[in-house]
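Okay, structure first, notes after.
Numbering (UniProt numbering), first residue to last: 1 to 581.
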């Protein structure tokens, strides 16, 4: 159903829904999403800034450990002792004392180990004793990594050590390691030097920095090894593919599914080493603070709906209902009912409409009375006209009698003219419809030209070229007669002999087109403009032009193309709708 066909009540509620309620709901939804996005962005930035502080603090501490392990090159006696092939007891004492001092130089250094190239091992360990030695030898890739560093400092990822024969818990460490070379003799390899750093380093660091407990924090290498996390079960519960996606992502902010829940993940890659500092927090935790926004938006929607209901009721009572009442009266055809005046106690536009409606009803009733009186008189005049009218059948019968008399006298020309005249009269008088087909019009004009050809003793000729597919197009009766008459009386006014009229009809696109062409006197451009104007002395052409435009539309009318002394062509277009009239 079209909008224009709806009742005013339905239109009002539809407008209310489309232009007020729906836009408000859309704006509320947009506002809700915008605030949610803003909160998420704020959390991203907060987590990223927090990780920046953590990474800088961690790197400062890691550099301190690297400084400490590098002090081995500052003690020439230790280097000499390590280079000796034959050591005396005091050499071992000095090496042990050096390693013991390293453990005291900074927090969280639990072990210092030197694996000499000649197979000897020197160590000091405050927790696991010699247990780490077995762990080290079980990981040949560590030695390979240290050798590849070729004297540079490097870090070995997290590993666990438990003291042999002890009830102590298993401890987690990372190692700062480097390959020690003999700087006094061809830079020969002297062994691998390792400091074991207790992983509690990061626990204390995050605690000092007051990092949020609600975040799951971890440090991971580029290759996917988790160095540390504040969630002890993370290494087992975190899907390796998820961690791989986080590490490979070029974005600092991503969303990942962890433990079947969406998490906001913020990552900061270290420029110092191949570590990544990662924060993971439940998305629901971040968005908890938006709940008040949901409540406010919901309250606003309810208030707007409530006001819309109150407004709709008021409009229903003061506008729609009075109009509906008026519509009921308007749709009631009973004149007696129309005599009852409508009353409303309003001075607004609706009240003015009621008063205008009452005045209109009064005028309509007066017009009905006058119309009834006029109809009564018209019927009387019609009866009088019928009494005075000559029966058209009398004329047809008379012409038919004359036709037979002409045939008896073998006057074929007279018989042909009388037959044509009879057909024209029958077409113009007895046919009641004003709209006829082009086929009927063309037949009429053929009869008309028959009379003229006999009248002027065939001084001119006529020709018809009509396509059958335009014969069903419809127009008003007696369209062509004034046009053909114009060619005969004006086009051939100076010379009838040798005159020729062509009537051509065919389809051009969707339109049917008739062309009336003569080889008469022709007209100038000014004369064409004049004959089509309402001031013209050729009223027939002007009337036909106006009637065509009224029937088919402004762009349809007579088109006259003429050249003086050469002839005139009158063109008429009939639109597709002319077939359905």
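Even for Gly, the Cβ is constructed at its ideal location relative to N, Cα and C.
What are the start and end residues of the beta strand (DSSP E) that includes residue i?
{"i": "residue 250", "result": "No beta strand (DSSP E) holds residue 250; DSSP gives it neither H nor E."}
{"i": "residue 492", "result": "Run containing residue 492: none; DSSP gives neither H nor E here."}
{"i": "residue 190", "result": "188 to 198"}
{"i": "residue 561", "result": "558 to 563"}
{"i": "residue 513", "result": "511 to 518"}
{"i": "residue 266", "result": "261 to 269"}
{"i": "residue 77", "result": "It is not in any beta strand (DSSP E) - residue 77 instead sits in the alpha helix (DSSP H) that spans 76 to 83."}
{"i": "residue 173", "result": "171 to 182"}
{"i": "residue 569", "result": "567 to 574"}
{"i": "residue 122", "result": "121 to 125"}
{"i": "residue 113", "result": "109 to 116"}
{"i": "residue 167", "result": "Taken as a continuous stretch (DSSP letters only), residue 167 belongs to no beta strand (DSSP E), as it is neither H nor E."}
For residue i, does the count of other Cβ atoms within 10 angstroms reach 16, so buried, or fall short, so exposed?
{"i": "residue 70", "result": "exposed"}
{"i": "residue 460", "result": "buried"}
{"i": "residue 202", "result": "buried"}
{"i": "residue 505", "result": "buried"}
{"i": "residue 486", "result": "buried"}
{"i": "residue 405", "result": "exposed"}
{"i": "residue 110", "result": "buried"}
{"i": "residue 272", "result": "exposed"}
{"i": "residue 574", "result": "buried"}
{"i": "residue 104", "result": "exposed"}
{"i": "residue 314", "result": "exposed"}
{"i": "residue 424", "result": "buried"}
{"i": "residue 22", "result": "exposed"}
{"i": "residue 447", "result": "buried"}
{"i": "residue 118", "result": "exposed"}
{"i": "residue 311", "result": "exposed"}
{"i": "residue 93", "result": "exposed"}
{"i": "residue 318", "result": "exposed"}
{"i": "residue 88", "result": "exposed"}
{"i": "residue 543", "result": "exposed"}
{"i": "residue 2", "result": "exposed"}
Output needed for residue i: all residues of its chain with C-beta closer than 7 Å, excluding positions within five of it in sequence on either side, in chain order.
{"i": "residue 451", "result": "417, 420, 421"}
{"i": "residue 179", "result": "146, 147, 149, 150, 151, 189, 192"}
{"i": "residue 108", "result": "197, 198, 200, 201"}
{"i": "residue 224", "result": "240, 243, 244, 247"}
{"i": "residue 98", "result": "75, 78"}
Between which two residues does the alpha helix (DSSP H) carrying residue i extend?
{"i": "residue 225", "result": "Counting along the chain, residue 225 falls outside any alpha helix (DSSP H), and DSSP gives it neither H nor E."}
{"i": "residue 28", "result": "22 to 70"}
{"i": "residue 92", "result": "89 to 104"}
{"i": "residue 131", "result": "131 to 137"}
{"i": "residue 286", "result": "283 to 287"}
{"i": "residue 147", "result": "140 to 149"}
{"i": "residue 482", "result": "480 to 486"}
{"i": "residue 531", "result": "525 to 532"}
{"i": "residue 9", "result": "8 to 16"}
{"i": "residue 454", "result": "438 to 455"}
Return the chain-ordered list of same chain residues with a C-beta closer than 6 Å to the C-beta of residue i, the five sequence neighbours on each side being excluded.
{"i": "residue 519", "result": "500, 567"}
{"i": "residue 480", "result": "441, 445"}
{"i": "residue 32", "result": "297"}
{"i": "residue 362", "result": "none"}
{"i": "residue 427", "result": "444"}
{"i": "residue 496", "result": "456, 459, 460"}
{"i": "residue 465", "result": "504"}
{"i": "residue 514", "result": "505, 572"}
Could you name the residues of the same chain whose beta carbon sits closer than 8 Å to that of residue i, not counting the 5 residues immediately before and after it, in chain order?
{"i": "residue 205", "result": "54, 57, 58, 61"}
{"i": "residue 263", "result": "216, 255, 256, 257, 280, 281, 282, 283"}
{"i": "residue 44", "result": "252, 253, 264, 266"}
{"i": "residue 435", "result": "474, 475, 476, 477, 581"}
{"i": "residue 563", "result": "522"}
Please report the Cβ distance between residue i and residue j, rounded to the nearest whole angstrom; I am assuming they are in contact, meaning their Cβ atoms lie under 8 Å.
{"i": "residue 470", "j": "residue 438", "result": "6 Å"}
{"i": "residue 232", "j": "residue 226", "result": "Contact doesn't hold; Cβ gap of about 11 Å is too wide."}
{"i": "residue 569", "j": "residue 517", "result": "5 Å"}
{"i": "residue 176", "j": "residue 277", "result": "The Cβ separation is near 18 Å, so there is no contact."}
{"i": "residue 555", "j": "residue 473", "result": "17 Å between Cβ atoms; not a contact."}
{"i": "residue 307", "j": "residue 326", "result": "Not a contact, Cβ separation roughly 28 Å."}
{"i": "residue 95", "j": "residue 82", "result": "7 Å"}
{"i": "residue 133", "j": "residue 157", "result": "That pair is no contact at about 19 Å."}
{"i": "residue 572", "j": "residue 548", "result": "7 Å"}
For a test of your reading of the model: does the CB of residue i fall under 7 Å from any non-hydrogen atom of the ligand NAD? Yes or no.
{"i": "residue 301", "result": "With respect to the ligand NAD, the structure shown offers nothing to examine, as it has no ligands at all."}
>> Within 8 Å, do at least three Cβ pairs link the stretch 108 to 123 to the stretch 189 to 197?
In response: yes
Segment contact flag, the stretch 276 to 286 with the stretch 60 to 78, C-beta cutoff 8 Å, min 3 pairs: no
When you compare the stretch 76 to 87 with the stretch 161 to 173, are there three or more beta-carbon pairs, one atom per stretch, that lie closer than 8 Å? no
Give a yes or no on contact between the stretch 46 to 55 and the stretch 174 to 187, applying the rule of three or more CB pairs nearer than 8 Å.
-> no
Q: Check whether the stretch 239 to 255 touches the stretch 132 to 149, counting contact only when three or more Cβ pairs, one atom from each stretch, lie closer than 8 Å.
A: no
Counting Cβ pairs closer than 8 Å, one from the stretch 352 to 368 and one from the stretch 320 to 331, do we hit at least three? yes
Inset, instruction - Take every Cβ of the stretch 20 to 29, pair it with every Cβ of the stretch 292 to 303, and state whether three or more of those distances are shorter than 8 Å. - result: yes
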